[in-house]
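Engineer: If you read the sequences in order, they're chains R and V. Per the numbering used here, the first sequence starts with residue 385, numbered consecutively. Per the numbering used here, the second sequence starts with residue 385, numbered consecutively. Mind having a look at this structure? Questions to follow.
Protein chains: 2
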Amino acid sequence: MNDIKTVGLLGGGVIGAGWAARCLLNGLDVVVCDLDPEAERKLGEVIANAGRAMGKISMAPPGPRGSLRITREIEDAAGGADFIQESLPEREDIKIPLLKRAAKAARPEVIIGSSTSGLLPSRLQAGIAHPERFLVGHPFNPVYLMPLVEVCGGDMTTAEVKDRAAAFYAALGMRPLMLRKEIDGFIADRLMEALWRESLWLVKDDIATAEEIDDALRFGPGLRWSFMGSFLTYRIAGGEAGMRHFMEQFGPSLKWPWTKLMDVPDLDDALLDKIVSQSDDQAGGRTIRDWERLRDDCLVSVMQGLSGHDFGAGTVLKDYGKVLFECAHETAKSAAHDPSAPLRLHTARVLPEWIDYNGHMTESRYLQVFGDGTDAVLRHIGADAEYHKHGFSYYTVETHIRHLHDVNADTPLQVETQILGADDKRLHIFHSLVAAESGTLLASAEHMLLHVDTKEGRACPAAREVLAKLEPIAEGHAKLPPPEGAGRAIAMPGPKV
Amino acid sequence: MNDIKTVGLLGGGVIGAGWAARCLLNGLDVVVCDLDPEAERKLGEVIANAGRAMGKISMAPPGPRGSLRITREIEDAAGGADFIQESLPEREDIKIPLLKRAAKAARPEVIIGSSTSGLLPSRLQAGIAHPERFLVGHPFNPVYLMPLVEVCGGDMTTAEVKDRAAAFYAALGMRPLMLRKEIDGFIADRLMEALWRESLWLVKDDIATAEEIDDALRFGPGLRWSFMGSFLTYRIAGGEAGMRHFMEQFGPSLKWPWTKLMDVPDLDDALLDKIVSQSDDQAGGRTIRDWERLRDDCLVSVMQGLSGHDFGAGTVLKDYGKVLFECAHETAKSAAHDPSAPLRLHTARVLPEWIDYNGHMTESRYLQVFGDGTDAVLRHIGADAEYHKHGFSYYTVETHIRHLHDVNADTPLQVETQILGADDKRLHIFHSLVAAESGTLLASAEHMLLHVDTKEGRACPAAREVLAKLEPIAEGHAKLPPPEGAGRAIAMPGPKV
Numbered sequence: 385m386n387d388i389k390t391v392g393l394l395g396g397g398v399i400g401a402g403w404a405a406r407c408l409l410n411g412l413d414v415v416v417c418d419l420d421p422e423a424e425r426k427l428g429e430v431i432a433n434a435g436r437a438m439g440k441i442s443m444a445p446p447g448p449r450g451s452l453r454i455t456r457e458i459e460d461a462a463g464g465a466d467f468i469q470e471s472l473p474e475r476e477d478i479k480i481p482l483l484k485r486a487a488k489a490a491r492p493e494v495i496i497g498s499s500t501s502g503l504l505p506s507r508l509q510a511g512i513a514h515p516e517r518f519l520v521g522h523p524f525n526p527v528y529l530m531p532l533v534e535v536c537g538g539d540m541t542t543a544e545v546k547d548r549a550a551a552f553y554a555a556l557g558m559r560p561l562m563l564r565k566e567i568d569g570f571i572a573d574r575l576m577e578a579l580w581r582e583s584l585w586l587v588k589d590d591i592a593t594a595e596e597i598d599d600a601l602r603f604g605p606g607l608r609w610s611f612m613g614s615f616l617t618y619r620i621a622g623g624e625a626g627m628r629h630f631m632e633q634f635g636p637s638l639k640w641p642w643t644k645l646m647d648v649p650d651l652d653d654a655l656l657d658k659i660v661s662q663s664d665d666q667a668g669g670r671t672i673r674d675w676e677r678l679r680d681d682c683l684v685s686v687m688q689g690l691s692g693h694d695f696g697a698g699t700v701l702k703d704y705g706k707v708l709f710e711c712a713h714e715t716a717k718s719a720a721h722d723p724s725a726p727l728r729l730h731t732a733r734v735l736p737e738w739i740d741y742n743g744h745m746t747e748s749r750y751l752q753v754f755g756d757g758t759d760a761v762l763r764h765i766g767a768d769a770e771y772h773k774h775g776f777s778y779y780t781v782e783t784h785i786r787h788l789h790d791v792n793a794d795t796p797l798q799v800e801t802q803i804l805g806a807d808d809k810r811l812h813i814f815h816s817l818v819a820a821e822s823g824t825l826l827a828s829a830e831h832m833l834l835h836v837d838t839k840e841g842r843a844c845p846a847a848r849e850v851l852a853k854l855e856p857i858a859e860g861h862a863k864l865p866p867p868e869g870a871g872r873a874i875a876m877p878g879p880k881v
Numbered sequence: 385m386n387d388i389k390t391v392g393l394l395g396g397g398v399i400g401a402g403w404a405a406r407c408l409l410n411g412l413d414v415v416v417c418d419l420d421p422e423a424e425r426k427l428g429e430v431i432a433n434a435g436r437a438m439g440k441i442s443m444a445p446p447g448p449r450g451s452l453r454i455t456r457e458i459e460d461a462a463g464g465a466d467f468i469q470e471s472l473p474e475r476e477d478i479k480i481p482l483l484k485r486a487a488k489a490a491r492p493e494v495i496i497g498s499s500t501s502g503l504l505p506s507r508l509q510a511g512i513a514h515p516e517r518f519l520v521g522h523p524f525n526p527v528y529l530m531p532l533v534e535v536c537g538g539d540m541t542t543a544e545v546k547d548r549a550a551a552f553y554a555a556l557g558m559r560p561l562m563l564r565k566e567i568d569g570f571i572a573d574r575l576m577e578a579l580w581r582e583s584l585w586l587v588k589d590d591i592a593t594a595e596e597i598d599d600a601l602r603f604g605p606g607l608r609w610s611f612m613g614s615f616l617t618y619r620i621a622g623g624e625a626g627m628r629h630f631m632e633q634f635g636p637s638l639k640w641p642w643t644k645l646m647d648v649p650d651l652d653d654a655l656l657d658k659i660v661s662q663s664d665d666q667a668g669g670r671t672i673r674d675w676e677r678l679r680d681d682c683l684v685s686v687m688q689g690l691s692g693h694d695f696g697a698g699t700v701l702k703d704y705g706k707v708l709f710e711c712a713h714e715t716a717k718s719a720a721h722d723p724s725a726p727l728r729l730h731t732a733r734v735l736p737e738w739i740d741y742n743g744h745m746t747e748s749r750y751l752q753v754f755g756d757g758t759d760a761v762l763r764h765i766g767a768d769a770e771y772h773k774h775g776f777s778y779y780t781v782e783t784h785i786r787h788l789h790d791v792n793a794d795t796p797l798q799v800e801t802q803i804l805g806a807d808d809k810r811l812h813i814f815h816s817l818v819a820a821e822s823g824t825l826l827a828s829a830e831h832m833l834l835h836v837d838t839k840e841g842r843a844c845p846a847a848r849e850v851l852a853k854l855e856p857i858a859e860g861h862a863k864l865p866p867p868e869g870a871g872r873a874i875a876m877p878g879p880k881v
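This is the structure we're talking about:
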């Protein structure tokens, strides 16, 4: 997406604002067209939520944000854009005339994606200028966190446009799903709709309340669906006998009266009132913003949990995190370092799950931040992933930590590192953990590392290139005063009991 | 469930074996009736999987397992049981006669739960002895991990039986959902079935493959459904305007052709072949056991992720973990300690996500285990959660770690602690991290802790009761030789570069 710098967004509602947040946090400039006089406040709230969630989703330090501008003219949003995403109300009579105006104002090669969850691209693209660059890119709420985007072209959309759009969405950290055929509701919404229609029947017939139906999902099949769909789940449920056995065993139940989906419930006032009142009970007085933050926190944790297994949405997150880290690493590498100043290679932010019952950062998280700081130093001198592949690494053999000040949630942290000593096998370093904003020294960690041949499992001299990078820094740092607290042992000062 | 010691399981297939594993790991004795000559091997494999997953799900040390016996006689499984759970094939002509035999053999007050996913309890209980103690307790695969169990009584089931059964399932770490009405497929399976029928149409009509449909779910709505059902998700999607607005906005689309559920696809040979072949492609040659382990790992991580937010399945897990910890804590408290021997209060097992790119335990995880060891010592001397509530705590101010041997995945670990010194404000301790099986010393951690008034944020003397527990141990430990490596500072031994 190197050629895309500015994104034109048509509509700044829940979905449009989600796109704005995702684009801004990926460094793109955004022009949003929205007529709502409160657009600026609403966009600002969604972007703040997104910044909060994205700050947690990867340990990579955030890159620079893009700029945001709000306009009331479709042509203003579309004219200078390198990619256009439309998220207007779900009515052809609104979307089509505005899409025509946008297409007329846009450069002919600029892709126009529509966020519609159900309208057909062939109907939306008919009559716009250069219809071959129009397609549906259907996202899910919250757009700044949910990976899925369904890519569906119309009769006139070219394959090249679909591929370019998919590459753009992927670069934003999303997971494009390419549709083979144009169909009402695409795929995910058809699945959601089937489940939703059954849910409405259950409420209408007083079989269960909204909350009970939600519980049946989230304590049960919904847990599995966060990483495996029905087909794979059922395959596994078939046990050793596999999918054919499962289908044969459970096939007959397709004929059982297990859904009422042969019919659609009438959304009359009585049913509407019942649903609204049950939904109010379920929400229990929490505000929408509270629920949004809880939803985002859960989404982040679920995806981070899956990332450890490199599966499903976890893989999307992991790959995206790698890209972010590479960007940050390139920035760090290219930054000129004064060899006589401490290294400043790692920043972090205290996540809510790092906080213990005392309200402070858990002990082990200190060492996590220091360990990441050590990794940054090692990458800096060339002892990186590539070096590990060749069977060499530095192992920490000894650590001394001092806790000097409490660290609370959301504190931005900076690790500063002084090399205290180095020879061909040893590396003696001292990290200072500093509150990035106030400069307060929060904790320190002194480490002794040993260079090892990982296959042989014993110490060996580091590669010449690594030592060549390390030595000038070690020499520069030798001129710095030794940090307070270095070389300390733990001892009881007073008389013992 | 204090009155339940032995569980009789009718059927030892995928679901029955899952019940066996959940019961055994919760310390209950299990008698399984199954005619499969391979029952023992199959049960053993599921129990091994369950032990592996449950070992990861809580940091609480596992309690003693129950005993397992396999029988070919229904009466043998039912006769001595304090609770009976039936997981036989989903056919009334199989279930009803065997349930009759089991009910005749069982004591009259013993509850009989059926795992049926669709048969009606009123039909299953008619004609059994003491039908009022029969109900459906419908679990989800894998039974040893999935929290949901749908509790549904028949016409003759008493409310007291439903409550007792729900309490039993909850004590096993599950989340009972009490059904208001008897209905085919209960709730969760109706939702699953609706989604499944739509999925079968999509495959039949070549709109998407099994893998694409699964992807549409797991990268999209499935992620949200792991913690919020449709009702709450849609409420939030409605933004500030809430549920009525959402329903009014999206209500009309209920009339759009977004599912084909007015009809059911014929599961003919052509469709069956297509599904089986697409499922094979998707599974990509991995074995069912591999898939089961990946599924379990993902489930554990998702639930652990949610546990940090105390929401959905995370709350179930958190509450269950608390109970497990209390049990372990009671065991530790009641264990007689020789005051002149090191404390052995904490064990742990190395989880796969604790392993770094070198294949060894990540640095910060050492401090996590040591920190948990410190917490165990503090609980042991009465500086526990209750004590924190009164505004007092011990904070770690200094830590010295030595890494002596690599620690690999799945290694069982034991922390041994020697008190090196203590006064009314200070506690100086030394942990040895030992491989539980070989006794090898893997790492050590020396800590200085300070007793603090958490509201004032400054050091203060510990409570008399705490010191009274601490002093005899400190005096006993003062007679032990100082551990090797205590009081050490970090220093470069050789000449510097």
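Every residue gets a Cβ at the ideal spot worked out from N, C-alpha and C, and that includes glycine.
List, in order along the chain, the chain R residues whose C-beta lies closer than 9 Å to that of Lys565(V)?
Structural biologist: Stepping through the second sequence from its first residue, residue 565(V) is reached at position 181. Here the neighbours are Asp589, Asp590, Ile591 and Ala592.
Engineer: Given that Gly696(V) touches chain R, what residues does it touch there, using C-beta distances under 8 Å?
Structural biologist: Taking the second sequence and counting its residues from 1, the one referred to as residue 696(V) is at position 312. Near Gly696(V) (Cβ distances below 8 Å), the residues of chain R are Arg602, Phe603 and Cys682.
Engineer: Examine the Cβ distances between the stretch 772-789 of chain V and the stretch 831-840 of chain V and report whether three or more of them are shorter than 8 Å.
Structural biologist: Taking 8 Å as the limit for Cβ pairs, the verdict is that the stretch 831-840 of chain V does touch the stretch 772-789 of chain V.
Engineer: Which parts of the stretch 759-812 of chain R are runs of the beta strand (DSSP E), unbroken and 3 residues or longer, counting only runs that do not cross its ends?
Structural biologist: As far as the stretch 759-812 of chain R is concerned, its whole beta strand (DSSP E) runs of at least 3 residues are 776-787 and 796-806.
Engineer: List, in order along the chain, the chain V residues whose C-beta lies closer than 8 Å to that of Met438(R)?
Structural biologist: Working through the first sequence from its first residue, we reach residue 438(R) at position 54. Per Cβ cutoff of 8 Å: no residues; Met438(R) is ~16 Å from chain V at best.
Engineer: Using a Cβ-Cβ cut-off of less than 8 Å, give me the residues of the stretch 661-678 of chain R that come near chain V, in sequence order.
Structural biologist: So the close ones are Gln662, Ser663, Asp664, Gln666, Ala667, Ile672, Trp675, Glu676 and Leu678.
Engineer: Does any residue of chain V bring its CB to less than 8 Å from the CB of Leu483(R)?
Structural biologist: For this step, residue 483(R) is matched to residue 99 along the first sequence. So no, Leu483(R) is outside the interface.
Engineer: How is Val850(R) classed by DSSP in three states: helix, strand or coil?
Structural biologist: One-based indexing of the first sequence puts residue 850(R) at position 466. Three-state DSSP puts Val850(R) in a helix.
Engineer: Tell me the rounded alpha-carbon separation between Gly705(V) and Thr731(V).
Structural biologist: For the purposes of this step, residue 705(V) is taken as the residue at position 321 of the second sequence. For the purposes of this step, residue 731(V) is taken as the residue at position 347 of the second sequence. Looking at the two C-alpha atoms, the distance is approximately 15 Å.
Engineer: Do you know how far the Cα of Thr617(R) is from the Cα of Leu452(R)?
Structural biologist: Sequence index remark: in the first sequence, residue 452(R) carries index 68 (1-based). Sequence index remark: in the first sequence, residue 617(R) carries index 233 (1-based). C-alpha separation (whole angstroms): 43 Å.
Engineer: Helix or strand or just coil, what does DSSP make of Glu710(V)?
Structural biologist: Taking the first residue of the second sequence as 1, we reach residue 710(V) at position 326. Residue state, collapsed to three classes: helix.
Engineer: Under DSSP, the alpha helix (DSSP H) around Leu584(R) begins and ends at which residues?
Structural biologist: In the first sequence, counting from the first residue as 1, residue 584(R) sits at position 200. Segment Ala572 to Lys588, the alpha helix (DSSP H) holding Leu584(R).
Engineer: At the 8 Å Cβ level, is Gln798(V) part of the contact set with chain R, yes or no?
Structural biologist: As a position in the second sequence, residue 798(V) is number 414, starting the count at 1. It does not; no Cβ of chain R falls within 8 Å.
Engineer: DSSP state of Ile454(R), grouped into three classes?
Structural biologist: Within the first sequence, residue 454(R) is the residue found at index 70, counting from 1. In the structure shown, Ile454(R) sits in a strand (DSSP, three-state: E or B).
Engineer: Measure the alpha-carbon distance for Val398(R) versus Lys426(R) and round it to whole angstroms.
Structural biologist: Indexing the first sequence from 1 puts residue 398(R) at position 14. Indexing the first sequence from 1 puts residue 426(R) at position 42. Rounded to the nearest angstrom, the two C-alpha atoms are 9 Å apart.
Engineer: Consider the Cβ of Ile571(V): report whether some Cβ of chain R lies at a distance smaller than 8 Å.
Structural biologist: For this step, residue 571(V) is matched to residue 187 along the second sequence. Chain R, which has a Cβ nearer than 8 Å to the Cβ of Ile571(V), makes this yes.
Engineer: The ligand NAP heavy atoms versus the CB of Arg436(R): any closer than 7 Å?
Structural biologist: Because no ligand of any kind appears in the structure shown, any question about the ligand NAP cannot be addressed here.
Engineer: When the cut-off is 8 Å and only beta carbons count, does Thr780(R) lie next to chain V?
Structural biologist: For the purposes of this step, residue 780(R) is taken as the residue at position 396 of the first sequence. Closer than 8 Å to some Cβ of chain V, the Cβ of Thr780(R) qualifies, so yes.
Engineer: Can you give me the start and stop residues for the beta strand (DSSP E) that Pro549(V) sits inside?
Structural biologist: Taking the second sequence and counting its residues from 1, one reaches residue 549(V) at position 165. Just to set this straight, residue 549(V) is Ala in the shown sequence, not Pro. Unbroken run through Ala549(V) is the alpha helix (DSSP H), Ala543 to Ala555; no beta strand (DSSP E).
Engineer: Counting contacts by CB-CB distance shorter than 8 Å, is Gly692(V) in contact with chain R?
Structural biologist: Locating residue 692(V) in the second sequence gives position 308, where the first residue counts as 1. Yes, its Cβ sits closer than 8 Å to a Cβ of chain R.
Engineer: Out of Ala793(V), Asp722(V) and Asp768(V), which has the shortest C-alpha to C-alpha gap to Ser738(V)?
Structural biologist: The residue labelled residue 738(V) in the question sits at position 354 within the second sequence. Contrary to the premise, residue 738(V) reads as Trp rather than Ser in this sequence. Nearest of Ala793(V), Asp722(V) and Asp768(V) to Trp738(V), Cα basis: Ala793(V).
Engineer: Going along chain R in order, which residues have a C-beta closer than 7 Å to the C-beta of Gln752(V)?
Structural biologist: Locating residue 752(V) in the second sequence gives position 368, counting from the first residue. The answer, in chain order, is Ser748.
Engineer: Taking one C-beta from the stretch 419-438 of chain V and one from the stretch 691-702 of chain V each time, how about it: are there three or more such pairs within less than 8 Å?
Structural biologist: Verdict: no, contact absent.
Engineer: Contact criterion: CB-CB distance below 8 Å. Does Ile480(R) meet it with respect to chain V?
Structural biologist: On the first sequence, residue 480(R) is found 96 positions in, with the first residue counted as 1. It does not; no Cβ of chain V falls within 8 Å.
Engineer: Would you mind stating whether Ser610(V) and Trp609(R) have Cβ atoms separated by less than 8 Å?
Structural biologist: Against the second sequence, residue 610(V) aligns to sequence position 226. Against the first sequence, residue 609(R) aligns to sequence position 225. Their beta carbons are under 8 Å apart, which means Ser610(V) touches Trp609(R) by this criterion.
Engineer: Identify which residue in Ser685(R), Gly400(R), Gly497(R) and Asp418(R) has its Cα closest to the Cα of Cys536(R).
Structural biologist: To locate residue 536(R), count along the first sequence from 1; it is residue 152. The shortest Cα separation from Cys536(R) among Ser685(R), Gly400(R), Gly497(R) and Asp418(R) belongs to Gly497(R).
Engineer: Compute the Euclidean distance between the alpha carbons of Met646(V) and Asp657(R), then round it to the nearest angstrom.
Structural biologist: In the second sequence, counting from the first residue as 1, residue 646(V) sits at position 262. In the first sequence, counting from the first residue as 1, residue 657(R) sits at position 273. Reliability fails at Met646(V), whose pLDDT of 49 lies under 50, so the model's placement of it is uncertain and no value is given.
Engineer: Using a Cβ-Cβ distance under 8 Å, would Val700(V) count as near chain R?
Structural biologist: For the purposes of this step, residue 700(V) is taken as residue 316 along the second sequence, with counting starting at 1. It does: the Cβ of Val700(V) has a partner Cβ on chain R nearer than 8 Å.
Engineer: Which value, in whole angstroms, describes the spacing of the CA atoms of Glu326(V) and Phe603(V)?
Structural biologist: Outside the modelled stretch of chain V, which goes from 385 to 881, sits residue 326(V), for which no answer is possible.
Engineer: I'd like the span of the alpha helix (DSSP H) that includes Glu596(R), first residue to last.
Structural biologist: As a position in the first sequence, residue 596(R) is number 212, starting the count at 1. Note, Glu596(R): alpha helix (DSSP H), Ala594 to Arg602.
Engineer: Is there a Cβ of chain R sitting closer than 8 Å to that of Asp539(V), yes or no?
Structural biologist: Your numbering for residue 539(V) matches position 155 in the second sequence. Taking Cβ atoms only, chain R never reaches closer than 8 Å to Asp539(V), which makes this a no.
Engineer: Of all the CB atoms in chain V, is at least one closer than 8 Å to the CB of Met745(R)?
Structural biologist: The residue given as residue 745(R) occupies position 361 in the first sequence. Chain V, which has no Cβ nearer than 8 Å to the Cβ of Met745(R), makes this no.
Engineer: Are the beta-carbon atoms belonging to Ile813(R) and His787(R) less than 8 Å from one another?
Structural biologist: Taking the first sequence and counting its residues from 1, one reaches residue 813(R) at position 429. Taking the first sequence and counting its residues from 1, one reaches residue 787(R) at position 403. The answer is no: Cβ separation not under 8 Å.
Engineer: What is the DSSP secondary structure of Val887(R), counted as helix, strand or coil?
Structural biologist: Residue 887(R) is absent from the model: chain R starts at 385 and stops at 881.
Engineer: Using a threshold of 8 Å, state whether the C-beta atoms of Gln688(R) and Gly689(V) are closer than that.
Structural biologist: Along the first sequence, read from residue 1 onward, the residue named residue 688(R) stands at position 304. Along the second sequence, read from residue 1 onward, the residue named residue 689(V) stands at position 305. Yes. Within cutoff.
Engineer: According to the neighbour-count rule (16 or more other Cβ atoms, all chains shown, within 10 Å of its Cβ), is Trp642(V) buried or exposed?
Structural biologist: Residue 642(V) sits at position 258 when you count from the first residue of the second sequence. Any reading at Trp642(V) needs caution, since the residue's pLDDT is 49, under 50, leaving its predicted position unreliable; the model's value is listed next. The residue is buried, with at least 16 neighbouring Cβ atoms inside 10 Å.
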